[in-house]
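Participant:
In the UniProt record's numbering, the protein residues as written are 1 to 629.
#1: Over what stretch of residues does the beta strand (DSSP E) that includes residue 206 continue unbroken?
#2: Are at least three pairs of beta-carbons, each pair with one atom in the region 166-176 and one in the region 185-204, less than 8 Å apart?
#3: When you compare only the Cα positions, how much space is there between residue 58 and residue 88?
#4: Taking the beta carbon of residue 25 as the centre, do at least 16 other beta carbons fall within 10 Å, making it buried, or is it exposed?
#5: Apart from the five residues just before and just after residue 216, which ones in its own chain have a Cβ nearer than 8 Å to its Cβ?
#6: By the three-class DSSP mapping on this structure, what secondary structure does residue 446 have?
#7: At what residues does the alpha helix (DSSP H) containing residue 416 begin and finish?
#8: Shortest alpha-carbon distance to residue 102 belongs to which of 441, 563, 452 and 144?
#9: May I have the straight-line CA-CA distance separating residue 269 from residue 259, to the nearest angstrom?
#10: For residue 232, which of 31, 176, 182 and 156 has the nearest alpha-carbon?
#11: From residue 525 to residue 496, what distance separates their C-alpha atoms?
#12: By Cβ distance, which residues of its chain are closer than 8 Å to residue 106, with the 5 residues on each side in sequence left out?
#13: In angstroms, rounded to a whole number, what distance separates the CA positions of residue 623 and residue 588?
#14: What are the complete beta strand (DSSP E) segments, minimum 3 residues, inside the region 451-522?
#15: With which residues is residue 153 paired in a DSSP beta bridge?
#16: If you count every other CB in all the chains shown that lies within 10 Å of the CB of residue 19, and 16 or more means buried, which is it?
#17: Would you tell me roughly how many angstroms separate the C-alpha atoms of residue 354 and residue 48, rounded to the nearest one?
#18: From residue 446 to residue 440, what distance separates their C-alpha atoms?
#19: Tell me which residues share the same chain as residue 139 and place their Cβ nearer than 8 Å to its Cβ, disregarding the 5 neighbours each side in the sequence.
#20: If we count the other Cβ atoms within 10 Å of its Cβ and call it buried at 16 or more, is residue 512 buried or exposed?
#21: On a Cα-Cα basis, can you pick out the residue from 128, 100, 68 and 255 that is closest to residue 178?
#22: Which value, in whole angstroms, describes the spacing of the CA atoms of residue 619 and residue 486?
#23: When you compare the region 323-343 with the region 449-457, are there three or more beta-carbon pairs, one atom per stretch, that lie closer than 8 Å?
#24: Would you kindly report the start and end of the unbroken alpha helix (DSSP H) that includes residue 124?
#25: Per DSSP, what kind of secondary structure is residue 371 in: helix, strand or coil?
#26: Taking 9 Å as the threshold (C-beta atoms), are residue 433 and residue 389 in contact?
#27: From residue 158 to residue 249, what distance separates their C-alpha atoms?
#28: If you count every other CB in all the chains shown that lies within 10 Å of the CB of residue 227, and 16 or more means buried, which is it?
#29: Along the chain, where does the beta strand (DSSP E) containing residue 78 start, and where does it finish?
#30: For residue 239, tell me which candidate among 384, 429, 488 and 362 has the shortest Cα-Cα distance.
#31: Among the candidates 32, 63 and 83, whose CA atom is the shortest distance from the CA of residue 53?
#32: Can you name, in chain order, every residue of its own chain whose Cβ lies under 8 Å from the Cβ of residue 366, other than the five neighbours on each side?
#33: Would residue 122 be called buried (16 or more neighbouring beta carbons within 10 Å of its own) or exposed?
#34: Taking DSSP as the reference, what is the three-state secondary structure of residue 299?
#35: Would you kindly check if the distance between the Cβ of residue 114 and the Cβ of residue 377 is under 9 Å?
#36: Going by the DSSP bridge assignment, what does residue 29 pair with across the sheet?
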């Protein structure tokens, strides 16, 4: 018997991993695919509150989305700006190309968060903090399966998520063009947030001098003594600070030159580009700018986050403590420098993309582009145009003049193919030809174009087993597997205790460092860490928040998935007493905090804490807590 509450999807269509993860969350939120949630009524009072609460974000987004709507609206796209909770703040699309169906769905005040309506473009982009395309049957709700959603997150200067931009359509228009336009709009909004920091010294950076002054430039906001006040996302990628969201970062930790001497050079250059070199070895062009009005809320009050220095990535800092990983990366860098293909394998969260970025930034192609593409995150209908580009007229809805694909964009630099084990079989043959012939042919073109790229591939899958099963080409495996580097899982390391203490310091940069009890440490050491370093970093951030400044992290501050999955721990030593009343008091505060953060939503609070709804209800009854206290 078919269960009507189970999502139905064409079995031939394989869901990208990012969408599968979103479906899993949607199930845990208790949403049924047959629910009707998209067309719920929204009061005018709620719409007014949403607009008032997000005036600044909407003001910055309006000119960018209006310009983009003028460009792609005729192809049937309707655009929306959403806040960090997934609530629509404003929409653009009252044009002949926009459908009334889209106008019914995309309304100010409507929540498109995953917890409200399941898997969709902006909800998934906010949850994953990544750009995403959710097309047709990839939506969780049956009523949304006629939609195509392209969404990108927007971040403030402190690296905190402030919202998302969405383009939705009822047809399979050129999602690549929509994604490109949204990404540029998001970068422009993030740059405006940077300009809005008063009395900040702005430095523009990019490996290419012609990118300075464009939405693609990197921006750093600095105080007069050289401390970083904020960075846009481009600067975070260039400086390996993607995960750094808070803490004090000095100019000298990012660049191999003193701050004041560099400022003298920049001022003397009078807007001519100046050469800088990051401490990671990346050569950059730089120019000076000046900040605007003070808007300290753009920095979200500097709250602690992991990686407040160059040890922000999942491998940075870790390699300093594990000789095996350091040796692996040293061999990988040498292979990359000799144009030998490198294949990175390892579980999710072990830092494959960071390792690829380290190879690129420290290699002979550092001044060229680093283009990353997740082979599992692109719909099958779009993957060829995304990889190879297309000429004008190649298909209906394409951009005037055509568009370059990812391989062409990576010319002169590095192409990072993540999750290559999920690449469709028919595309594997074309990739093999590109690697052999060093040329690409856009869709609809008759002539090939030569390219010069280094290719780094990564996967968490067993490629030889895929080859044996017929899911991956053997000749392509030989081509990409010049040097195989397997990044170890966290549980395989012998220095987990040192990593925990290091990441705890990073998670509390600028704050009083909390202690960690012996029982909590044994709990962490006994867990298998399926999410590896990424998961450990997240757990320590949350535990530090609940322990408060200078407090002590106890097992009650850890998710139940960790406390329930540990190996039997020894009894606490006499000098490590754990007060039961203290644990209960912290658990009480923990639950109240989760309910406040989720506005009394039981499903969301349970997921936030890491326990089932039934367990949360039981604990609420035990402590006499009401959902909306």
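Glycine included, every Cβ here is placed at the ideal spot set by N, Cα and C.
Facilitator: The short version:
#1: 201-206
#2: no
#3: 10 Å
#4: buried
#5: 184, 187, 206 and 234
#6: coil
#7: It is not in any alpha helix (DSSP H) - residue 416 instead sits in the beta strand (DSSP E) that spans 414-418.
#8: 144
#9: 15 Å
#10: 156
#11: 7 Å
#12: 78, 80, 88, 91, 93, 166 and 168
#13: 7 Å
#14: 454-459 and 483-486
#15: 164
#16: buried
#17: 43 Å
#18: 11 Å
#19: 118, 119, 120, 145, 147 and 149
#20: exposed
#21: 68
#22: 43 Å
#23: yes
#24: 121-128
#25: strand
#26: no
#27: 12 Å
#28: exposed
#29: 78-83
#30: 362
#31: 83
#32: 207, 281, 282, 283 and 360
#33: buried
#34: Since pLDDT at residue 299 reaches only 27, below the 50 mark, its modelled position is unreliable, and the value read off the structure follows with that caveat. Helix at residue 299.
#35: no
#36: Paired residue(s): none; residue 29 is not in a bridge.
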